[in-house]
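Sequence positions in the sequence shown follow the UniProt record's numbering and run 1 to 431.
All C-beta atoms in this analysis are idealised placements derived from N, C-alpha and C, irrespective of residue type, glycine included.
Notes follow once the structure below has been shown.
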Amino acid sequence: MEPIVALATPWGVGALHVIRISGDASKNTVEAFLDKPLQKPRHASLRYFSSEKVEDQVVAIWYSEPHSYTGEEMVEIMCHGNPAIAELIIETLLDAGMKPAQPGEFTFRAFLNGKMDLTQAEAVNDLILARSTELLKAGENTLKGKLSDRIASLRNKVLNVLAFLQAAMDFPEDVEESSIEEQLREILVETEDLIESAKTAEILRKGISLVIAGRPNVGKSSLMNALVGMERSIVSQIPGTTRDYIEQYTVLGKIPVNVVDTAGLRHTDDPIEQEGVKLALRRIEEADLVIFLYDASTGWTDEDKQMFNLIQEEKTIVVGNKIDKGKGNEQHPKAYFVSAKEKTGIDRIIEAIHQLMNITEPPKLLVSQRQMGLLEKTLGDVHDALEHLSVYAEVAADDLFSALRNLTTLIDGDVEEDLLSTVFSNFCIGK
Ligand code: GDP
Ligand code: ZN
């Protein structure tokens with residue numbers, strides 16, 4: 001294919017920059033600007049790159065087709081880590097007729113040349129963007145082809161059921177329907193398992209928003225500081241200081257969390273404060289998770305109850321604070337107790353967050369949004385097949401053919417889909 005070029009390292013000043021080139025005559029085009037040719041593939045050569053625009057001592061590696069990342073002829077140039085040098089080398093190559101690579105185009109070519117399937121190509125991006133070691137592991141597994149293996153095994157099972165179904169239509173007395181049903185249920189469970197893994201990965205990848213709510217002065221800002229581990233919110237003794245909201249990004253256990261400290265919730269006649277309360281309620285509504293905080297040293301009061309009634313219970317963790325000052329008479333029955341001031345009990349809240357988000361074990365595989373959509377369609381197909389099984393065997397077979405198509409698209413992509421724009425467009429350039 002036509003040669004493309006891009007910077008593979010992040011833009012900025014560093015020790016080195018890597019410029020990646022792939023496509024027809026990559027080697028010849030680059031060599032026109034080197035003092036000596038690149039003699040051996042996969043060997044690092046120290047060379048002078050010089051053109052009208054730039055001169056730099058570089059290390060260049062030539063990869064012969066098909067033994068490269070993309071499967072095409074490739075050259076990688078390591079130049080000094082000044083972005084201006086990298087840019088001028090790239091400009092030189094563009095002037096020589098190369099095209100600037102689009103985001104993900106190198107990986108797209110690797111996919112086209114059969115170097116990897118689509119699940120692996122997508123994992124490349126996840127691997128680069130992974131923000132935690134768990135995600136990194138899951139990304140590596142996916143890149144090694146473990147997701148494709150599981151999809152391929154699912155596909156085989158669907159094929160197997162189709163064969164059974166065919167036999168059942170031809171020789172009804174020889175095939176037991178219950179055995180087909182059993183196999184379908186197995187497929188169902190496996191698909192659900194993959195979807196579950198995808199959801200976990202999604203939470204670990206994107207993170208969640210956590211709002212701390214409660215009456216003024218119960219210690220919301222102090223708890224936020226304890227969670228984030230920094231003096232960020234303004235802690236004060238005058239109720240209602242946090243007028244709007246303050247947010248801070250952190251990682252709690254395995255989950256990236258955007259913690260939002262809101263204005264205190266209470267009935268008030270002050271219009272500015274009313275506005276703060278309104279905004280706080282909106283933040284609560286939008287949040288993935290809410291910590292409803294009260295002062296355990298005075299107890300669970302009527303005012304707490306009133307404010308708590310404004311909040312969705314199922315996404316809320318109730319926390320009693322200031323436990324270092326002792327406990328008041330009445331407490332919320334499900335409360336976790338902490339002292340934001342002395343930073344005690346915080347671990348248990350973090351545990352509760354993992355439980356509520358259903359993050360019990362790290363994901364073994366990464367599943368992209370695209371793959372997730374296809375898995376959900378597959379799940380629907382298998383459900384339908386189960387439903388139709390006893391009534392219309394032909395319809396059940398159709399359902400399974402649809403499942404088969406969805407699973408195939410998952411690994412190989414769709415011929416009608418514009419892969420470069422749908423799958424690879426969120427890659428960084430140079431990958
Ligand atoms: P907010 O209005 O809910 O954000 O409450 P702040 O975090 O500003 O805290 C209000 C007051 O309670 C401050 O004087 C804090 O020092 C105090 N406070 C917060 N957490 C605790 C705690 O765990 N124990 C004690 N003894 N005081 C606390
Ligand atoms: Zn506050």
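Classified as buried, His-17 has 16 or more neighbouring CB atoms from the shown chains inside 10 Å of its CB. Taken from the Cβ of Lys-325, at least one heavy atom of the ligand GDP lies inside 8 Å.
A straight line joining the alpha-carbon of Ala-138 with that of Ser-148 spans about 13 Å. With the rule of 3 Cβ pairs closer than 8 Å, the region 385-396 does not count as touching the region 354-374.
At least one heavy atom of the ligand GDP falls within 8 Å of the beta-carbon of Pro-216. Per DSSP, Val-338 is not a residue of any beta strand (DSSP E), being assigned neither H nor E. Between the alpha carbons of Lys-327 and Thr-344 lies a gap of roughly 15 Å. Taking every protein chain shown into account, the CB of Tyr-249 has fewer than 16 other CB atoms within 10 angstroms, so this residue is exposed. A Cβ-Cβ contact shorter than 9 Å links Ile-19 with Cys-79. In terms of Cβ geometry, Val-218 and Leu-293 form a close pair [threshold 9 Å].
Secondary structure note for Leu-365: it is in no alpha helix (DSSP H), with a DSSP letter that is neither H nor E. Contact check for Val-257 against Leu-210 passes: the beta carbons are separated by less than 9 Å. Exclusion of the five residues before and after Gly-299 leaves Lys-327, Gly-328, Asn-329, Glu-330, Gln-331 as the residues of its chain whose Cβ lies within less than 8 Å of its Cβ. In the three-state scheme derived from DSSP, where H, G and I count as helix and E and B as strand, Met-74 is classed as strand. With fewer than 16 neighbouring CB atoms inside 10 Å of its own CB, Thr-360 falls in the exposed class. The region 58-73 makes no contact with the region 92-102, as fewer than three CB pairs between them are under 8 Å. Linking Ile-195 to Phe-49 through their CA atoms gives a straight-line distance of about 50 Å.
Asn-321 carries a strand assignment under DSSP once its states are collapsed to helix, strand and coil.
Rounded to whole angstroms, the separation of the alpha carbons of Asp-324 and Ala-335 is 15 Å.
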